[in-house]
Amino acid sequence: MSVFQKILIADAGPLIALTKIQQLKLLPELFSTIIITDLISDELGITNKKSSFQFDGSDALIDAIQANWLKINVDQSTSKRHYYPTNPGVDPGEASAISLAISMQEANLELAILIDDRCGRAEARQQNIEVIGTAGLLLIAKEYALINKCVPLLLEMQNKGYYLSNKLINLIAIKANE
8 MSVFQKILIA
18 DAGPLIALTK
28 IQQLKLLPEL
38 FSTIIITDLI
48 SDELGITNKK
58 SSFQFDGSDA
68 LIDAIQANWL
78 KINVDQSTSK
88 RHYYPTNPGV
98 DPGEASAISL
108 AISMQEANLE
118 LAILIDDRCG
128 RAEARQQNIE
138 VIGTAGLLLI
148 AKEYALINKC
158 VPLLLEMQNK
168 GYYLSNKLIN
178 LIAIKANE
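Once you know that position 17 of the sequence shown is 24 in our numbering, the rest is easy, because the numbers rise by one and skip nothing.
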């Protein structure tokens, strides 16, 4: 049973970061449904059978799709609606996730979006979408005793090439009492 009975729409960056630190399993523990758009699936180079874009942990995403807890939205009516970001820094994957979130909110579905990029986060907030970042997700996981500490995982992400500012890590350390 998931902690939150809501949908999580995930961007590529946080998924890559969570796989690199072997914490992708937190997603179904926290959220009832995890969805990526077909465009994000393409960015990640994954299908339900193989990954053409290899990175440390990419097989975990394939396993998640095969286990049916990570779903790829291919519904053209929701993923291809007429939405254009107002912020020019929003990449196509982020725009597809925000578009899907808007469509799902219009259907009165409770959801959040997992996104780390500053422009993407600002755009999602502008569209009144609940935003969660990877660091915030780890903080929530700690609050629900799914992990013991946040900071070591954030430092591991940073060491594996995922951009996290020291200011953010310090902020999470304070919030997590670490």
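Here a beta-carbon is modelled for each residue, glycine too, at the ideal position from N, C-alpha and C.
Other residues of its chain near residue i: CB distance less than 8 Å, five sequence neighbours each side excluded
i	result
Val81	Asp45
Met111	Ile14, Ile16, Thr85 and Leu118
Sub-8 Å separation of residue i and residue j beta-carbons
i	j	result
Leu2	Leu34	No information on residue 2 is available, as it lies outside the stretch 8 to 185 that the chain covers here.
Val138	Ile122	yes
Leu77	Ile41	yes
Ile179	Cys157	yes
Ala114	Leu37	no
Ala142	Leu171	yes
Asp18	Ala102	no
Lys13	Ser48	no
Ile79	Ile43	yes
Candidates the options, of which the one nearest residue i by Cα
i	options	result
Thr93	Ala104, Glu130 and Leu146	Glu130
Ala108	Asn166, Gln133, Gly96 and Val10	Gln133
Ile23	Asn75, Ile120 and Lys167	Lys167
Pro95	Ser48, Leu146, Gln73 and Asp124	Asp124
Leu145	Ile53, Gly127, Lys32 and Gln112	Lys32
Arg128	Asn177, Gln165, Asn173 and Pro21	Pro21
Met8	Ile43, Tyr151 and Ile72	Tyr151
Gly140	Glu185, Leu175 and Ala183	Leu175
Phe11	Asn177, Asn75 and Leu116	Leu116
Buried/exposed call for residue i, threshold 16 Cβ in 10 Å
i	result
Pro99	exposed
Ser65	buried
Ala71	buried
Asn55	With a pLDDT of 49 at Asn55, under the threshold of 50, the modelled position of that residue is not reliable, and the figure given next carries that caveat. Exposed, by the Cβ-count rule.
Cβ shell of residue i (< 6 Å), same chain only, five flanking positions each side left out
i	result
Cys126	Asn94, Gly96 and Val97
Tyr169	Ala24
Ile136	Ala108 and Ile120
Other residues of its chain near residue i: CB distance less than 7 Å, five sequence neighbours each side excluded
i	result
Glu185	Lys156, Cys157 and Val158
Counting Cβ pairs closer than 8 Å, one from the stretch 161-172 and one from the stretch 15-33, do we hit at least three?
-> yes
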